[in-house]
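Residue numbers (the numbering used here): 1304 to 1745.
Just so you know, even glycine gets a beta-carbon here, dropped at the ideal spot from N, CA and C.
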Ligand code: GLN
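This is the structure:
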């Protein structure tokens, strides 16, 4: 399958880079733009995925100055197939967030700069809305592809856990992290996905299982998940279901037990894993270096780890607490049990159909509306994106509505290794895909 990508000659490239720089001053889509001329099909890459010779900061101060000398496997496979990386996209620090605000210079929504871009792959979604024929290589742990894709009117596909090697991905929570894609067309995403999937000896959790496209016209709606959703979103989603039923999709309403516990289970597991993954940043090896070796043990590590932003510190502290021996059973083990229960119950329905839901429970908020909400309120916004991520199910957010000048996204989920069926669904749906950002460049 071949998609359409931007591919520029020298003169065009110089113009494009200067346009991109200008747009970036307003939107903060990129942490780094490569000025050197690129030959090949242009893609961008989230700043927590290593690209040889380009800075990789995961939007964290602790990684300032780190430039990997190697490519992530996914990037290597793309470069071997004629793709070139234009730059590294902005994100919530280490992937911690749903609005893009946990970054020093938050990305802004291209449709209206007063609004959030979504997170944590904020810059990837903005870059995709901004650049013609673009795919950005992003990452999701608990919704970081669906959320920004929904808020920026583009398509976000999170593949099956393990379908794409995590080698070269700066880890957040290893049992949940997935490299995935934000794009505007099914053909583009399919081409990039076909080039990146498959096992990799450098990542022992990567799998070589063939990816299928078993399609279905049955769509399950999980009624007990719709409770916390904004009434306006519910109305638009109802309209989407009506439109889909006129296209021969059969809608069935179901209840799936335990789903209401997916957000707490996800945060318990992801914080536990994050707190161990972040232990490697101690001021010696990557990025920020502590140069004063006369400091005592505590002061030395403290001077490195105070470079973490507020949310990263919160997760290290909570994650370390959750893993402590005396309370492991109370939280961590229960969260694991819930994860397994949810996988089994969702899989039951995914055997013969898709699950469909809005991507986010609220309309795109203004930056000012969410900059002060409590962590627990922020985490609860992931109620729809967390379930498929917790289970490793492939899922895709696609734009389906445009209101008050902003796009709205819905999310469709399928069974493990049936990822291509999401793109088949999108190909049918693209007939109505008309919510493009008006000032595209390239
Ligand atoms: N919002 C979720 C979190 O903060 C998801 C982030 C992600 O997928 N990287 O953990």
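To the nearest angstrom, how far is it from the Cα of residue i to the Cα of residue j?
i, j, result
"residue 1596", "residue 1679", "39 Å"
"residue 1414", "residue 1721", "32 Å"
"residue 1398", "residue 1561", "26 Å"
"residue 1363", "residue 1473", "11 Å"
"residue 1387", "residue 1354", "10 Å"
"residue 1328", "residue 1584", "30 Å"
"residue 1470", "residue 1425", "22 Å"
"residue 1696", "residue 1400", "20 Å"
"residue 1548", "residue 1427", "32 Å"
"residue 1598", "residue 1709", "52 Å"
"residue 1453", "residue 1684", "13 Å"
"residue 1309", "residue 1338", "16 Å"
"residue 1738", "residue 1623", "43 Å"
"residue 1703", "residue 1586", "46 Å"
"residue 1600", "residue 1395", "29 Å"
"residue 1610", "residue 1331", "21 Å"
"residue 1365", "residue 1477", "20 Å"
Where does residue i sit, in a helix, a strand or coil, going by DSSP?
i, result
"residue 1593", "coil"
"residue 1503", "strand"
"residue 1713", "strand"
"residue 1431", "helix"
"residue 1459", "strand"
"residue 1451", "helix"
"residue 1336", "strand"
"residue 1354", "coil"
"residue 1481", "strand"
"residue 1702", "strand"
"residue 1758", "Given a span of 1304 to 1745 for the chain in the structure shown, any question on residue 1758 remains unanswerable."
"residue 1687", "coil"
"residue 1669", "strand"
"residue 1404", "coil"
"residue 1676", "coil"
"residue 1514", "coil"
"residue 1472", "strand"
"residue 1737", "coil"
"residue 1630", "helix"
"residue 1398", "helix"
"residue 1532", "coil"
Where does the unbroken alpha helix (DSSP H) through residue i begin, and where does it stop?
i, result
"residue 1649", "1635 to 1653"
"residue 1623", "1613 to 1625"
"residue 1347", "That residue, residue 1347, is in no alpha helix (DSSP H); its beta strand (DSSP E) goes 1344 to 1349."
"residue 1316", "1313 to 1330"
"residue 1445", "No alpha helix (DSSP H) contains residue 1445, which DSSP labels as neither H nor E."
"residue 1376", "1376 to 1383"
"residue 1414", "Looking at the DSSP string, residue 1414 is not in any alpha helix (DSSP H), and its letter there is neither H nor E."
Return the first residue and the last residue of the beta strand (DSSP E) that residue i is part of.
i, result
"residue 1601", "Looking at the DSSP string, residue 1601 is not in any beta strand (DSSP E); the run it does join, the alpha helix (DSSP H), is 1600 to 1608."
"residue 1574", "Note, residue 1574: premise wrong, no beta strand (DSSP E); alpha helix (DSSP H) at 1565 to 1580."
"residue 1419", "Taken as a continuous stretch (DSSP letters only), residue 1419 belongs to no beta strand (DSSP E), as it is neither H nor E."
"residue 1553", "1553 to 1557"
"residue 1521", "1521 to 1525"
"residue 1387", "1386 to 1392"
"residue 1659", "1657 to 1661"
Could you tell me if residue i is buried or exposed, where buried requires 16 or more neighbouring beta carbons within 10 angstroms of its beta carbon?
i, result
"residue 1605", "exposed"
"residue 1391", "buried"
"residue 1620", "exposed"
"residue 1492", "buried"
"residue 1325", "exposed"
"residue 1618", "buried"
"residue 1526", "exposed"
"residue 1608", "buried"
"residue 1504", "exposed"
"residue 1380", "buried"
"residue 1582", "exposed"
"residue 1463", "buried"
Evaluate contact between the stretch 1685 to 1692 and the stretch 1413 to 1427, counting only Cβ atoms and requiring at least three cross-stretch pairs below 8 Å.
no
With contact counted as at least three CB pairs below 8 Å, one residue from each stretch, are the stretch 1631 to 1642 and the stretch 1431 to 1439 in contact?
no
Segment contact flag, the stretch 1727 to 1743 with the stretch 1392 to 1407, C-beta cutoff 8 Å, min 3 pairs:
no
Hey, is the stretch 1497 to 1511 in contact with the stretch 1609 to 1617, meaning 3+ C-beta pairs nearer than 8 Å?
no
Specify whether the stretch 1443 to 1452 and the stretch 1532 to 1541 touch according to this definition: at least 3 beta carbon pairs, one from each stretch, less than 8 Å apart.
no
Given 8 Å, three or more beta-carbon pairs between the stretch 1561 to 1570 and the stretch 1335 to 1345
no
I want to know whether the stretch 1551 to 1559 touches the stretch 1373 to 1383 - three or more CB-CB distances under 8 Å.
no
Can you confirm whether the stretch 1665 to 1684 touches the stretch 1542 to 1549 when touching is taken to mean that 3 or more C-beta pairs between the two stretches lie within less than 8 Å?
no
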